[in-house]
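Q: Residue 766 is where the sequence shown starts when you use the numbering used here, and the numbers rise one by one after that.
Every residue gets a Cβ at the ideal spot worked out from N, C-alpha and C, and that includes glycine.
These numbers come from a predicted model, not from an experiment.
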Amino acid sequence: MGKIRWLSSWIWRKLTTESAEIVGVPEFLRKVIMSAISSSSMQILWKGMPTHTFKPARGIRQGCPLLPYLFVLCMDWLGHLIRSNIDIGRWEPIKLSRSGPAISHLFFAGDLVIFCKAHIGQAWLLKSILDQFCEVSGHKISTRKSNIYFSKGTDNSDREQEVQNLDFYLGVPLLHNRVTKSTFSFVVDKVRRKFNSWDARKLSIVGRVTLAQFVLLSIPNYFMQSMLIPKGVCAEIERLAR
766 MGKIRWLSSW IWRKLTTESA EIVGVPEFLR KVIMSAISSS SMQILWKGMP
816 THTFKPARGI RQGCPLLPYL FVLCMDWLGH LIRSNIDIGR WEPIKLSRSG
866 PAISHLFFAG DLVIFCKAHI GQAWLLKSIL DQFCEVSGHK ISTRKSNIYF
916 SKGTDNSDRE QEVQNLDFYL GVPLLHNRVT KSTFSFVVDK VRRKFNSWDA
966 RKLSIVGRVT LAQFVLLSIP NYFMQSMLIP KGVCAEIERL AR
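(1) On the criterion of 16 or more Cβ atoms from any shown chain inside 10 Å, does residue 974 qualify as buried, or is it exposed?
(2) Exposed or buried, which one is residue 842 when buried takes at least 16 other CB atoms within 10 Å?
(3) What is the DSSP secondary structure of residue 871, counted as helix, strand or coil?
(4) Which value, in whole angstroms, describes the spacing of the CA atoms of residue 851 and residue 858?
(5) Around the C-beta of residue 965, are 16 or more other C-beta atoms found within 10 angstroms, so that it is buried, or is it exposed?
(6) Going along the chain, which residues of its own chain have a beta-carbon closer than 6 Å to the beta-carbon of residue 879, five neighbours each way excluded?
(7) Could you tell me the boundaries of the beta strand (DSSP E) in which residue 876 lies?
(8) Three-state secondary structure (DSSP) at residue 819?
(9) Using DSSP with H/G/I as helix, E/B as strand and the rest coil, what is residue 810?
(10) Below 8 Å on the Cβ atoms is my contact criterion, and I expect residue 894 with residue 956 to pass it. Report the Cβ-Cβ distance as a whole number of Å.
(11) Going by DSSP, which residues form a beta bridge with residue 859?
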């Protein structure tokens, strides 16, 4: 997961609404937690002099000793989503040994380790659960820090099928065959959409030329850092820029 700066606003929403009861947080405990959070007051040091005391509208003080416990409390909602899918037989956890317990997820502060069978249906279910969690919490998955690991017994074809469903990494296709013009058709479409938005604004010719030089022609530069773009794609982008 990304940084936990989002946590304070999410905790505020979850604990001040009845939705907290879904994850088993009783009303009495919510009131105790909110009284500890909302009772804080602040002052701003302005030119060496403290201002009048005021209370923050929402959020948690930096270094608050309750923060780790509140994080576990809110992240437990993701665990409830996973366990509910296990109970109805949709999620298939794995065993590290024949006699060991089935493991579906492990939470370490802001890091998650999720276990499931290497199957296309499980991959889509995992994506659906994470999307639901991100939609509710306002959180985003840090793809730059995410990895996927397969057991030694997983076929290469199954591995490729699973990874292909991840589509892109940082905007670049993860897997592809021989690089052709169609491989980077999405880059041309991105340039075309950008140009159409300018046309709707009825910019002057000078304005379009300036934008074409500094914006349109800079779009493919990002993808050129990792892959060699075919000449046909470059020619199409230059044609649109003209």
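A: In terms of the structure at hand:
(1) As a working mapping, residue 974 is identified with position 209 in the sequence shown. So residue 974 ends up on the exposed side.
(2) One-based indexing of the sequence shown puts residue 842 at position 77. Label assigned to residue 842: buried.
(3) Translated into positions along the sequence shown, residue 871 becomes position 106. The answer is strand: DSSP assigns residue 871 an E or B state.
(4) One-based indexing of the sequence shown puts residue 851 at position 86. One-based indexing of the sequence shown puts residue 858 at position 93. Each residue's alpha carbon lies about 8 Å from the other.
(5) As a working note, residue 965 is residue 200 in the sequence shown. Here the model assigns residue 965 a pLDDT of 49, short of 50, so the residue's position is not dependable, and the following value carries that caveat. So residue 965 ends up on the exposed side.
(6) Numbered from its first residue, the sequence shown carries residue 879 at position 114. Contacts found: 870.
(7) As a working mapping, residue 876 is identified with position 111 in the sequence shown. Segment 876-879, the beta strand (DSSP E) holding residue 876.
(8) Against the sequence shown, residue 819 aligns to sequence position 54. Strand at residue 819.
(9) Position 45 of the sequence shown, counted from the first residue, corresponds to residue 810. Three-state DSSP puts residue 810 in a strand.
(10) Here residue 894 refers to the residue found at position 129 of the sequence shown. Here residue 956 refers to the residue found at position 191 of the sequence shown. Wrong, their Cβ atoms sit about 35 Å apart, outside the cutoff.
(11) The sequence position of residue 859 within the sequence shown is 94, counting from 1. According to DSSP, residue 859 bridges with 868.
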